[in-house]
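Below you'll find the structure, written out as structure tokens, and then a few comments.
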Amino acid sequence: MRQWNLELAPDICCLLDETQAPDPEVCAQDLIDFSPVYRCLHIHTVLGKREQFIDSYRSGRRSQVRLAIKPRSIWKGEINDFKCYFYGIMGFFVVEDTILHTTQELRPHKGEGEGLVTLHIVHEFWQMALSEVLAVLRNNCNSCRDYHLLLKVKQLVVWLCHALRGYGFPVDKLYEVLLEIREQYDEMLMKAWGDSFTQIFASDNYTPMVAETEEQYRGVLELFPYHNVQIDSAPYPRLFPFSGVVGQVYCQLQAFIRNCSDYADGLNLSQMEVCDIVSKSVNLLLSRTVTGCLSRLVHDEGLTIPQLGQIWVNISHLADSVPHLEDFIRHVTKTGSEGAASVRLYGGSTFKDGKVTAEQQIIVRLTAKCAEVVEGASYDWTSKDAQDKPSDYINDCLHFLETTFHALHILPEEVVSNLVQQALKNLALQLERVLLCDTNPRISMEAIRNFNVDLMHCQRFVMSTVSSYNCLRGSDASLAFEPLKQVPHRHTTFYLDLMPVFQSWWTCL
1 MRQWNLELAP DICCLLDETQ APDPEVCAQD LIDFSPVYRC LHIHTVLGKR
51 EQFIDSYRSG RRSQVRLAIK PRSIWKGEIN DFKCYFYGIM GFFVVEDTIL
101 HTTQELRPHK GEGEGLVTLH IVHEFWQMAL SEVLAVLRNN CNSCRDYHLL
151 LKVKQLVVWL CHALRGYGFP VDKLYEVLLE IREQYDEMLM KAWGDSFTQI
201 FASDNYTPMV AETEEQYRGV LELFPYHNVQ IDSAPYPRLF PFSGVVGQVY
251 CQLQAFIRNC SDYADGLNLS QMEVCDIVSK SVNLLLSRTV TGCLSRLVHD
301 EGLTIPQLGQ IWVNISHLAD SVPHLEDFIR HVTKTGSEGA ASVRLYGGST
351 FKDGKVTAEQ QIIVRLTAKC AEVVEGASYD WTSKDAQDKP SDYINDCLHF
401 LETTFHALHI LPEEVVSNLV QQALKNLALQ LERVLLCDTN PRISMEAIRN
451 FNVDLMHCQR FVMSTVSSYN CLRGSDASLA FEPLKQVPHR HTTFYLDLMP
501 VFQSWWTCL
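Heads up: the sequence shown begins at 1 in this note's numbering, then just goes up one per residue.
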């Protein structure tokens, strides 16, 4: 009898396979022939040994439930291992529930005696099984490293819960474990999406996207919610302000939302609770994973300053897409307008930090390049010859700044204004360090005049730059070299003697 019962489970539990549509008209008795059990019970009843048979059956089934809840010796951690395990458990209790209800009708006198099992005994079996099932779930899911597998296991357990609940078994603890596993599932999603973002960022060329045809244009708009009247009416080819990474990142964020919702769905939660869970997971993704990926990106030494400017633009457009992501969460979780209060993504602050970091890196690159050029300058501080044109290093440095400022025209005016002012101030500080270098014990009058030629050229560049950018008019950019007028004269006695000279040629600026 024991071997016969162990073979029942797979046949019955094939109904739990999510790949098959269950037939509501099919029951356990349609799949399994219970007549041998009924005949045995009838024969032992006629022989007056009914109670002995019942005790034997219950003792055997108690041993069998211990076998059913024990994982197979060969457990590869694949979905089929979980299926066989849960199907076996489900099969056992479907059989016992059927035996419970059908053998009650086979009592010799109606209202007297018991069937092969009682409701109390069946629930005793379930309590024995439940503690082991919870341990198996925790142990095997904790060692899992594949979020796809965890999602399949979760769905399998949900089906098991639905089926067992239909037979009257308490399954709340199974749902609690699934909620515990959700935290691990989220961590695995974070890692997978972090790797995906890193790959996307590394593969982009950080140049604006170009749509040559209407089909290409519509394809971009399907990936990313963007609308601009001027671009919509422009002839082809049409130039987007952002690069290809924006649409890819947005699609990945949508995919993350769907995966979070798929796991939370079916966990005996309300739609508002699912919406809240998904929102918290997305906020964690934005504040931790996306922030980390953006930080590593903008610190990449291989990026040029124009590419950093494009990254700033990309981040700005991703920040603008946050309300669309909130709408998408409400759509996926089916909360509609009711979920408006539950969905609050903090992507604005995340992307704001990313833009600030990008600006800082642009300033760092500008400063480093100017410092490299200035440090290569070779002033002859004892020169007796006057020069009538700027030094080559000054020309190189200012040409670099001019071309860089032009390449950053894609940025908002206030951002460009800040970058220009910082670059000019840093250049002035570097020139001041050159003038006050301790390795200059003596400085001739001609050397001072030659240095003044370079400063005059810098001042003209400043005036030209200010006039070229509306955002710089009225700013402090024109005062970038003002600190040089406050050159300390305490370094050498020679500086004290030349203070009137300094004052005279500074008035020419």
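Every residue, glycine too, gets a C-beta built ideally from N, C-alpha and C.
All figures in this text were calculated on a predicted structure; none of them were measured in a lab.
Taking Cβ to Cβ, would you say residue i is nearer than 7 Å to residue j?
i	j	result
residue 310	residue 363	no
residue 315	residue 354	yes
residue 510	residue 136	The requested residue 510 does not occur in the structure, where the chain is confined to residues 1 to 509.
residue 251	residue 221	no
residue 358	residue 303	no
residue 150	residue 185	yes
residue 412	residue 453	no
residue 408	residue 416	yes
residue 335	residue 230	no
residue 200	residue 248	yes
residue 65	residue 125	yes
residue 197	residue 293	yes
residue 50	residue 42	no
residue 313	residue 326	no
residue 194	residue 289	yes
residue 396	residue 420	no
Sorted by chain position, which residues of the same chain lie with C-beta nearer than 8 Å to residue i's C-beta, five sequence neighbours on each side aside?
i	result
residue 277	182, 260, 264 and 269
residue 111	Here the model assigns residue 111 a pLDDT of 48, short of 50, so the residue's position is not dependable and the matter cannot be decided.
residue 134	173, 174 and 177
residue 318	246, 249, 250, 347 and 351
residue 142	184
residue 145	188
residue 79	149, 152, 153 and 156
Under 6 Å: does the beta carbon of residue i sit that close to some heavy atom of the ligand FMN?
i	result
residue 360	Ligands displayed in this structure: none; no statement on the ligand FMN is therefore possible.
If I'm right that residue i touches residue j with Cβ under 8 Å, what's the distance once you round it to whole angstroms?
i	j	result
residue 243	residue 204	6 Å
residue 297	residue 256	Not quite, the Cβ-Cβ distance comes to about 18 Å (not below 8 Å), so this is no contact.
residue 267	residue 179	6 Å
residue 287	residue 217	The Cβ separation is near 33 Å, so there is no contact.
residue 237	residue 212	5 Å
residue 82	residue 189	In fact, because the Cβ distance is near 20 Å, the residues do not count as touching under 8 Å.
residue 579	residue 140	Given a span of 1 to 509 for the chain in the structure shown, any question on residue 579 remains unanswerable.
residue 93	residue 34	Not a contact, Cβ separation roughly 15 Å.
Give every residue of the same chain whose Cβ lies closer than 7 Å to the Cβ of residue i, excluding the five residues on either side of it in the sequence, and list them in chain order.
i	result
residue 258	332
residue 349	none
residue 387	450 and 453
residue 371	430
residue 510	This structure leaves residue 510 out entirely; the chain is present only between 1 and 509.
residue 360	none
residue 254	328
residue 376	393
residue 281	186 and 260
residue 206	243, 307, 310 and 311
residue 138	177
residue 225	321 and 324
residue 56	none
Ignore the nearest five residues each way along the sequence and tell me which others in residue i's own chain have a CB closer than 6 Å to its CB.
i	result
residue 240	208 and 209
residue 132	69
residue 461	398
residue 153	82
residue 490	Bear in mind that a pLDDT of 37 at residue 490, under 50, signals an unreliable position, so the number given afterwards is only what the model happens to contain. Once the five neighbours on either side are set aside, residue 490 has no close Cβ partner at all.
residue 104	115
residue 122	96 and 100
residue 219	none
> Quick one: any contact between the stretch 155 to 169 and the stretch 73 to 91, if contact means 3 or more CB pairs under 8 Å?
Replying inline: They touch, by the three-pair rule.
>> Which complete alpha helix (DSSP H) runs does the stretch 254 to 335 hold, if anything under 4 residues is left out?
In response: 271 to 284, 291 to 298, 305 to 320 and 322 to 332
>> Pairs of beta-carbons, one from the stretch 353 to 369 and one from the stretch 399 to 414, closer than 8 Å: are there three or more?
In response: With the cut-off at 8 Å, the stretch 353 to 369 and the stretch 399 to 414 touch.
> Quick check: the stretch 93 to 107 against the stretch 116 to 127, are there 3 or more CB pairs under 8 Å?
Replying inline: Between the stretch 93 to 107 and the stretch 116 to 127 there are three or more inter-stretch CB-CB distances shorter than 8 Å, so the stretches are counted as touching.
>> I'd like to know if the stretch 313 to 328 and the stretch 380 to 393 are in contact, where contact means that at least 3 CB-CB pairs between them fall below 8 Å.
In response: no
>> List, from N- to C-terminal side, the beta strand (DSSP E) runs of 3 residues or more that fit wholly inside the stretch 386 to 432.
In response: As far as the stretch 386 to 432 is concerned, it has no whole beta strand (DSSP E) run of at least 3 residues.
> In chain order, which alpha helix (DSSP H) runs of at least 4 residues are fully inside the stretch 215 to 253?
Replying inline: 229 to 233
>> For a minimum of 3 consecutive residues, which ranges assigned as the beta strand (DSSP E) are wholly contained in the stretch 89 to 156?
In response: none
>> Restricting to runs no shorter than 4 residues, where is the alpha helix (DSSP H) found entirely within the stretch 154 to 205?
In response: Correct list: 172 to 203.
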